[in-house]
Each structure stands twice: as structure tokens, then as C-alpha cells.
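From first to last, the protein sequence lines stand for chains A and B.
The opening position of the first sequence corresponds to residue 274 in this note's numbering, with each subsequent residue numbered one higher.
The opening position of the second sequence corresponds to residue 19 in this note's numbering, with each subsequent residue numbered one higher.
From the three backbone atoms N, C-alpha and C, an ideal C-beta is built for every residue, glycine too.
All values reported here derive from a predicted model rather than from experimental measurement.
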Amino acid sequence: MNPAILAIVVIFTPLVAFATAMLFCMKAHRIAQGLILGGGAVSVVGAFLLLLGGPSETQSIVWLSSGSLELSFGFMFDGLSLSFGAVVALITFLVQVYSIGYMHHDPAKTRYFALLGLFGWAMLGFVYAVDLLQALIFWELVGLASFFLIGFWYEKPSASAAARKAFLLTRIGDTGLLIGILLIINISGMAHIPALLDAETGLTTMVSEGTLTLLVLLIFMGIMGKSAQFPLHTWLPDAMEGPTPVSALLHSATMVAAGVFLFARLHPLFMASETAILVVLCIAIFTALMSATIAMVETDLKKVLAYSSIGQLAFMLAALAAGGLLAGILHLILHAVFKALLFLCAGSYIHHFETNDMREIGRRGGRRMRWTTAGLVIGGASLAGLPPLAGFFSKEEVLASLSHGGYHLIWFLALFAAFLTAYYTFRMVFFIILPDRPLEADATVHDSSPVILGPIIFLTIATVLGGLILGPLAAILLLDVPHHSLLSMLPAILCALAGVFVAWWDFGRSRATRRGFVGAVPVLHRLFSRKWYVDDVYQAVFARFIQLMATVLHRVEVDLLDGGADRLADVTRWTGGWTARLQSGWVQAYIASGVVVVALAGYFLGSR
Amino acid sequence: MANVLLILPELTIFLAAILVFKCLILGLSVLHVWRVAFAGSLLGLGACLITLGMTGEPFHPGIYRVDLFSQLMKTVIAAALVLVLVLSDSPPVMRRDAWRELPFFLLLSSAGLMMMTSATELITLYLALELSAFPVYALIVLHRDRRMGSEGATKYMLQGMVASAVTLYGMSFIFGLSGTTYLSEIAAALPELGSQPLFWVGLLLLLAGFLFKLALFPFHFWAPDTYFSSPHPVATFIATVSKVAAIAVLCRMVAVAGWNEASIDGETLRIVLIVLAVAAMTLGNLAALVQKDFKRLLGYSAIAHAGYIVVALQAFSSLGHTAIVFYTIGYLAMTWICFMVACEVGRNRDTVPVSALAGLWQRSPMLALCLLIGIFGLTGLPPTVGFIGKWFLFSAALEDGQFLLVLIAALNSAVAVYYYMRVLRVAYLLEPAKEDTGILAPSPLVVTGAMVACLVVLWMGVAPNYFWEIAAEAIVALGATY
Chain A
274 MNPAILAIVV
284 IFTPLVAFAT
294 AMLFCMKAHR
304 IAQGLILGGG
314 AVSVVGAFLL
324 LLGGPSETQS
334 IVWLSSGSLE
344 LSFGFMFDGL
354 SLSFGAVVAL
364 ITFLVQVYSI
374 GYMHHDPAKT
384 RYFALLGLFG
394 WAMLGFVYAV
404 DLLQALIFWE
414 LVGLASFFLI
424 GFWYEKPSAS
434 AAARKAFLLT
444 RIGDTGLLIG
454 ILLIINISGM
464 AHIPALLDAE
474 TGLTTMVSEG
484 TLTLLVLLIF
494 MGIMGKSAQF
504 PLHTWLPDAM
514 EGPTPVSALL
524 HSATMVAAGV
534 FLFARLHPLF
544 MASETAILVV
554 LCIAIFTALM
564 SATIAMVETD
574 LKKVLAYSSI
584 GQLAFMLAAL
594 AAGGLLAGIL
604 HLILHAVFKA
614 LLFLCAGSYI
624 HHFETNDMRE
634 IGRRGGRRMR
644 WTTAGLVIGG
654 ASLAGLPPLA
664 GFFSKEEVLA
674 SLSHGGYHLI
684 WFLALFAAFL
694 TAYYTFRMVF
704 FIILPDRPLE
714 ADATVHDSSP
724 VILGPIIFLT
734 IATVLGGLIL
744 GPLAAILLLD
754 VPHHSLLSML
764 PAILCALAGV
774 FVAWWDFGRS
784 RATRRGFVGA
794 VPVLHRLFSR
804 KWYVDDVYQA
814 VFARFIQLMA
824 TVLHRVEVDL
834 LDGGADRLAD
844 VTRWTGGWTA
854 RLQSGWVQAY
864 IASGVVVVAL
874 AGYFLGSR
Chain B
19 MANVLLILPE
29 LTIFLAAILV
39 FKCLILGLSV
49 LHVWRVAFAG
59 SLLGLGACLI
69 TLGMTGEPFH
79 PGIYRVDLFS
89 QLMKTVIAAA
99 LVLVLVLSDS
109 PPVMRRDAWR
119 ELPFFLLLSS
129 AGLMMMTSAT
139 ELITLYLALE
149 LSAFPVYALI
159 VLHRDRRMGS
169 EGATKYMLQG
179 MVASAVTLYG
189 MSFIFGLSGT
199 TYLSEIAAAL
209 PELGSQPLFW
219 VGLLLLLAGF
229 LFKLALFPFH
239 FWAPDTYFSS
249 PHPVATFIAT
259 VSKVAAIAVL
269 CRMVAVAGWN
279 EASIDGETLR
289 IVLIVLAVAA
299 MTLGNLAALV
309 QKDFKRLLGY
319 SAIAHAGYIV
329 VALQAFSSLG
339 HTAIVFYTIG
349 YLAMTWICFM
359 VACEVGRNRD
369 TVPVSALAGL
379 WQRSPMLALC
389 LLIGIFGLTG
399 LPPTVGFIGK
409 WFLFSAALED
419 GQFLLVLIAA
429 LNSAVAVYYY
439 MRVLRVAYLL
449 EPAKEDTGIL
459 APSPLVVTGA
469 MVACLVVLWM
479 GVAPNYFWEI
489 AAEAIVALGA
499 TY
């Protein structure tokens, strides 16, 4: 089959399902659910068929042409789009299946499922996009759909505030992205991504390195917003207000991954600017360390996972910036799998115990939910980077690409961040499986229903076997598989094991203090638990600054602009009234004026 | 036989009109007559689609030309006729007997309009013009309120008569100077004729009749009054179908002449057109600001839109003409949507004041959504065809270096936002008045038509390429020498 037709099916089936559900099935929950799941299944099958078909030529049609600029609409079928598209479709589908169980009692189920369809359409459209502007449109649609999903329980003030915050903070980045894209189109006269990336005739040959640095950093602003990098990261933890399956979707394979994906998509442009590489590396490593330290003191299960997402995204960006394209994409894909697993496990606990506090989940017998707990432990071990799980392979590649790129300081800091990651992940695991007091014999604790466990088990298996995709992925991306000696892997393995051990020492063993080593340094503990004061600084500086600006601008607005506009509007309306009075209904006058005007024009024409 | 095939669309509509006339004589009921007419118009649309792409001259060479352009315009006319008939299936309570004749006149006028798009000879053109105009004079009288209908019809007829008399007068000038009535021969003699002042005067007078149909300044006065005082479906017909033919004639005349050739001084004509366009846009938009009647408001908006179209016409370029054809198709769909809402809301009303739209979203979410799409289109907001079409129109003038004109046009569209949004404000934010809180339920046929029209408006706005290419091919078929 023609890949373009298949791609259209993959991308637009969720949209059709969304529209049908929204328009016709508001009352028929089951039908809506079936529609969305059917659409999701079609997308998965299509995306995997595309993947099996292998890379092929880009296909696009001209959408708009203006002068020499042609905006096209089409699909890219390179290894990046194909592999990531399949992952997106798969995780979206699994989350939909999981949601059947999770959202079983929600009265607004149809809206929920329909929005999942909308989200799937936006994200898949973005992944296959061939034109920068097309990508931007779907990028914004992803933002819009995530706004709806995060604020799904909009009657909760905290949820709607979180949705607003996510939307606004990503908007800040998107402003930069929009300016960057418009500048690129203006400078190069094209928006076709393969043409822009072309080594001989692309953007890199048209502009100086300084200009290029500016352009890619503007684009990086958008990535910082979407992929939650410092200082635009604060929306992500708040976004946990959405239903847990939504968190699993948004913060593993989609939305936040869109930023990293855009980076990988435009990789050659970033690689052409030394300055941009350094900026990205610094921001990424700082974000990784900061998020890991906050996660060390967090007690909300979902927030720990949220901060770990921020950190892992930073790892991917660092790897990409250091030139490790394969490492970045591998970590993007594998992280999508095991992070979705972790969130789904968290959802399973939360659904049962109706609390987000992991200490309480542990005390009330979380470990009796055996399948869920198995998923959590395996997902956690993968996040910590323990061999032979998926996370070990990708994290190993990330660290290797940093040291190969010659960024030794960054490599060292990344190792430290990996240690912290293992530490806080197992802190979470030990809180749940080794609670501080013995469990009561409580018979009511039982594992979740099969629709919830199904996706969890599937993802658990995928996490165990994930490392196997390294070879095929490298082949489809047309890159070489790097070979590492066991010795070079040793630091990463030791760091991970050390993290697990320290976590056991602090939280696992029977005489553990359960305060963690940071608890010994109150200053640090306060810094971490206040989340490095970033939100407070925003509150203090920006809010106050904005208040001041608002007051000033309000005066300007009311007295100068509004007043002026009012006068202008009055004059216009008055003129309008006067003009309308010309329409007297007196036909003789109409005809006379028509004839007079024609006569005048005729005189003008004739006398020339 | 081949010749019959070439004129199949006109012929079908004509035969349908005659059949409907026969039905009227036989005394068939309103509904039956309407069914016959509707079937005839559908057949006519089919005939247009069959002949799309044929080229030839069915009559004496030089009189009547069938090409992609004319057939495309005929298709648009036939489609619009179908849509207008969709709106006129259920007659108002009063004057059912007279209402029976509505389809007959609509068909007859459409046949005339179709002929206008093909005519390449002055007398043929004039005959087609009159054939299309007379039935409409009769239609306006069908208004529920006899007095209002008669007054509106008289006014419209008087102005229409004067305009066509002026046209005839202009034709006589041109015939006197060139000795021919064939457009092609006149065009060939242009370098010579262009030096004679009288020719230009004649040309301007000639254009008057078509500018009247297009409702361009200074022949625009009829539009608001006529829209206001004619029955709602008739107003729909005047606002949509008859516009298309006028635009087609203007395009054909300008394209055949090839004004941009160095030997002809088209510059003066262009200045006149620019002045007319600016006057039409400004007058239309300003006067619309204070209108309280929805159809009257649409009348003024039509004047302004005629101005926008002339903005592109005066560029005398293929880009300009393609933009016009493209915009015409979209404009037709948008205007029809707005009038459809007016028809549905005003089913049992003499007039449709804007306040009658209050609370429309409660009375019929479907109509409210249609109105939203239609009004967004007329305002020129993406993702409707109104945005992209206007962009094409203006870029044609920009390509020509008419920055000031485009600036005026853009300012005008900004002013227009006010009165368009006022309509939406009433429809969405106000509670319905006490006397009309009832649910509005459009017939399935109307719903289907509305869905098609909305789809066209959005499709052309999102993916303009397909329609743009058809329009461009049609303009190529005109055989213009730009």
C-alpha cells in the first residue's frame, strides 16, 4: 500500500473517532469508548505496517504557494518518524485500554475518550509532519489537547489552574519557536524539513553560524517549554492533576516527548552551532540534577515520576546535543515504554487506595497488589538503569555519547544524576514494598481489573526486552551500532547499584531512619522540598513585575488607547449612520447619482 | 448533436422551466411544482458536470462560447440554484397560490444567467442579461406583505431598467465606432479604438449593467432595499446566483481585451475601477455598521464584497482573475449559509431583524454553528475560505504594486469585523425574545445543503489547492493575453 495513504489512515482515524464521538455519542458512553479504541487500534496497526515497510521517500503535496515560498503538507517516512510513530500509537492505544478500567465510574467518559482521540491525532500528525509550519500546527494542537486533558476535571480548581499553567508556560516557549520558524522561512524561503536539513543546499549553507545559533536557540525555547526544561519546567509536576492515564500518556511517549523529537528532527541544524550545543548541554544537565534532587524529597507518587520525567528528558537532550543521535532516540523510545509502565502502575495504586502518598500506599498494603508491584519494581529498576532492563541500555548509550563527545565534566555530572535517579526511584520502591510498620491482615486489598493489568503486563514485558531494539533501531535510522567494552559500562552500573544500595540503607532496611541523607542537611532539604524556589521566584518577581506593568498599561489602555479607540469607533459609527442616510429609498435620487457618477467617470476617461 | 450536448445545461434548465410552466397551467399544487423544478435543477447541475471540460461554439461562430470557464461558472450557478430551491420548498402561510410560480421564475432567470457566462457577442449578452433580470422583477412581488413586495419590485425594476438602458446605450457607442458586436473583433480593434475617447465612454456605459448586477458603486443602491423587501429565498437568489454571472461577464470582457498590452492604455480604466472599488468598500462597510435588519446588513456587506472583487479585477492579471473565480465560489457558499439562516429564522416573518437571531444557539445549535461559519467566512477569518480568498484577491493587487489600495481594503475588512461580530454576539450571547423561543428545526434537505456549504467553506479555506487549480485552468481557458 502507498505509505502516504496508510499515514493518512494512521493520523486521521483518531480525529474521525473524536469528531463522531463528540457529535453523536455524548450520551452513548460505550459506543464512544468503542469508537476511540477502534480508532486507536487502527492507528497502531497502520503505524506498525508503516514501520515494517521500512523507510521510504517523503511524500507531500503543495498546500499553499505564495511567490517563491511553497508550504507543503505531507509525511516523512524516515526511521525517526516511523519508529517513534509506532511507539506513540502503541502507548496511546494501551492508555486507552487502561482507561476503560480507570475511568469506569466517571460520568464524563465520552468527553475523556474523545479527547484521547483528539490528542492521538495531534501527536501522530506532528510525528509524521514534513513541513515546519505543518509541524507547528500539530505541535500547537498537542498543546491544546493536553490543556483539555490536564484540566479534564475542570470543576477542581487545582486541575484547571494546572491546565492553565501548562498551557501558558509552554506558550512562552512556543513564542520563541514561532519566531524561529518564521525567521527560518523568511531567510531560507522554504519550510520543507528535508530541504532545510540538506547538507549541501540546506539552511546551514545559507546563514552564518551566529544567525544559525540564534535560530536554533529560538526553536530550543519551544523545546524547553514542551519538554519541561529549566526554567520552563514547573508546569509538569502540576500537570499531575489530570487523570493518571493522561499523565502516563502525556509524560512518557507524547507531549513532553514532542520537544525531544523536534530536536532529533532538526538535529543537523543544532549540530552546526557550537554555542547552541553548549547552551543545551548546560540547561539539560542542570535540569537533570535539579529535578533529581527535588524527587529525592517528594512523597507524592506521581510527582516523583513527574520529576523523573523531567530528568530523563534532560538526559535525552544532553545525548542529542553531544551528537549521540541514536542514544537520544533510543532513550526517547525506551523511556516512553518504562515511564508509561510506571505511571500506569501508579494509577493502579491510586485507583485502589485513592491517595497519592506513597508512604500511605505502602502502609496500607500496596505490595499485595502483586502484578502492579512487579510492574513497579521492574519499571523502577529500568529507570534506575539496572541491567539487563531497557533503561540500562539507553542510559548507557546516553552516557557513552557524552564521554565520546568529549564533554567530560557533563559526563561526570550526568553520572551523578544517574546515581540520584537510582536513589530516588528505589526510595519510591522501598516506600511501597517495605513499609515502616507491619501490614495488617487486610483482606480488601486485591489487584486491579484485567483491563488495567493488561497494559501493565504488556509494558512490563516490553521493559524487560526493550534493549533488543538497539540493533534494529540503528538499522532503520541508518546509523552504526556502537560497541562498548564492559569496562566503559562499569561506572554507570556502579552508580546505579550505589544508588539502590543507599536507598536501601536510608529507606529499606528495618532500622532505616526513612529521612534520607538529605534530611541530615536541613538547608538542602528545605531547598529541595521548596523545589529550588523556582515557583516562588516566579511568584515574587514575575507576578509582582506583571502587577506593576499591568497597572501602568491599564492606565495607558483606559485613558489613551481605549479612549482613542472609543472616539474612533464613535466617528466611524457616526459616519456609518450618515452613509446609511444616503439610502433614502428615493429611487430617482439613486438613478440620478448613478448616472452622474458614470458621466463624471466617462468624462474622465474620455478626456485622457 | 454535438452542439446540443454543448448547450445541454442551458437547455435542461430551459426545458425544466417550460415543464414547470406546464405544471402551473395544469394546476398542480405548490409541492408538486416544486418537486418538478427541483428535479430539473438537479438535472441541470448534472448536465453542467457532464459538459465540464468541453469546448466549442454551438451557434454561429463568435456569438456563444462554451469553454471550461463558462462551464465552471454554469456549474456554480446550477449548484446555487439547487441550494436556493432547497430553501423555497415550504411556502409561507400567506399567498400560497402566488408562491407556486417561484420555481418557474427562478429556473428561467438561471437559464439567462447561464447564457451570460457564455455570450461573446454584445446583442447575445444583452438578451441574456434581460432574460435573467425580468423574472427576478416578478419574483420580488411574491413577498408575503403585498405592499412591501410591490414597492421593492418597482424600485428594483426601475433601477434595473435604467442600468440596462445605459448598457444598451454604451453598446451603441461601441458598435458605432467599431462596426461590430463581436467581442473578439472589438478586442482585435482595440489598439485603434483605444485612441478614441468615445470608445472609453461607451465601454464604461456598457459595464454599467453588469456593475448593477454586482451591486458595485454607483449602482449599488438597490441591494439593501431589494434584499430587505424581497421574499427570503428570492433575496438569496439575487445575492448568490445572479452575482456569479455578472462576475463571469466582467472577467471574460477584461480577459478578452488584454489590457496590459503596451499598445492599449488600460491605465485610465484602471483608475476608474479603483475609485469605484474604494467607494463601494467604504460605503458598504460604513453603512452596514448601523443596520438593524439582517438582510439589509448582508446587502451592504455584498456591496463591500463587490468592492473587494474589483480590487483584484483591476489588476488585469491571471492571478487576479483566478482569485476572483476562487473567491466567487467561496463567497457564494458563505452568503448562502447566512441567507439560509435568515430564511429559517424568518420563515414566518416579513423581515429578519438582527434581534430575531437572539438566542439562536438555544433554538437551533445547528443553525447557530452554520451562522458562525458563514459569518467567519464573510469576515475573512481562517480557517474559512473568506480568509484565504481575500488573501488571494489582495495579493493580486499587491503583485501589481497597488499597496495603497490593499491597505484601504484591509482597513475596510477591519471595520467590517464590527458588524459581523455583532450578529454573532446577538446569536450566541443574548437570550431569545419572548415571542420566538421555539425550537427551529430545518428540514433534512436544508440540513444537507448547509452541511455541504459549510464543508465547501472550510475545505476551500484549509486546502485551497484543489479549487485554486480548477479556477486557474478555467482562466487559462478564457484564452486571455495578459
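Return no unless some Cβ of chain B is closer than 8 angstroms to the Cβ of residue i.
i	result
Leu455/A	no
Trp336/A	yes
Ser866/A	yes
Arg846/A	yes
Thr383/A	no
Does residue i come out as helix, strand or coil in the three-state DSSP assignment?
i	result
Val318/A	helix
Asp379/A	coil
Ala504/B	With chain B covering 19 to 500 only, the question about residue 504/B has no answer from this structure.
Pro27/B	helix
Tyr200/B	strand
Val104/B	helix
Val360/A	helix
Tyr680/A	coil
Asp573/A	strand
Asp844/A	In the sequence under discussion, the amino acid at residue 844/A is Val, which differs from the Asp named in the question. Reduced to three states, the DSSP call for Val844/A is helix.
Using the DSSP secondary-structure output, state which residues sit across from residue i in a beta bridge.
i	result
Ile334/A	Phe346/A
His161/B	DSSP lists no partner for His161/B.
His465/A	Asp404/A
Pro371/B	Asp311/B
Asp630/A	Asp573/A
Val84/B	Gly74/B
Using CA atoms only, rank isn't needed, just tell me which of the options is closest to residue i.
i	options	result
Ile488/B	Thr353/B, Arg83/B and Val94/B	Val94/B
Leu590/A	Asn275/A, Met494/A, Asp808/A and Ser722/A	Met494/A
Leu223/B	Ser190/B, Thr30/B, His78/B and Tyr245/B	Ser190/B
Phe394/B	Gly325/B, Val475/B and Val308/B	Val475/B
Leu63/B	Leu46/B, Thr30/B and Arg118/B	Thr30/B
Ala613/A	Leu470/A, Tyr385/A and Ile364/A	Ile364/A
Leu425/B	Val403/B, Arg314/B and Val296/B	Val296/B
Ala545/A	Met563/A, Arg636/A, Ser354/A and Leu488/A	Leu488/A
Ser761/A	Trp778/A, Gly837/A and Val671/A	Val671/A
Val318/A	Leu599/A, Ile281/A, Pro504/A and Ile423/A	Ile281/A
Taking only beta-carbon positions, decide if residue i is within less than 8 angstroms of chain A.
i	result
Lys173/B	yes
Pro121/B	no
Pro215/B	yes
Val104/B	no
Thr286/B	yes
Gln89/B	no
Val308/B	yes
Gln380/B	no
Gln332/B	no
Ala129/B	no
Using the beta-carbon of each residue, which ones in chain A are nearer than 8 angstroms to residue i?
i	result
Ala485/B	Before going further, note that residue 485/B is Phe rather than Ala in the sequence given. Simply none; closest approach about 12 angstroms.
Applying a beta-carbon distance threshold of less than 7 angstroms, which residues of chain A neighbour residue i?
i	result
Trp218/B	Leu878 and Gly879
Val433/B	Thr845
Does any C-beta atom of chain D lie closer than 8 angstroms to the C-beta of residue i?
i	result
Leu390/B	Given the protein chain composition of this structure (A and B), no chain D is represented.
Using a C-beta to C-beta distance shorter than 9 angstroms, which residues of chain A count as neighbours of residue i?
i	result
Val465/B	Result: empty, since nearest Cβ-Cβ is about 13 angstroms, beyond 9 angstroms.
Gln420/B	Neighbours of Gln420/B on chain A: none; closest Cβ ~16 angstroms, over 9 angstroms.
Determine the chain B residues that contact residue i at a beta-carbon separation under 7 angstroms, and present them in chain order.
i	result
Val403/A	The premise fails here: Val403/A is roughly 15 angstroms from chain B at the closest Cβ pair, so nothing lies under 7 angstroms.
By the criterion of Cβ-Cβ separation under 8 angstroms, what are the contact partners of residue i in chain B?
i	result
Val871/A	Val184, Leu222, Leu223, Ala226 and Pro236
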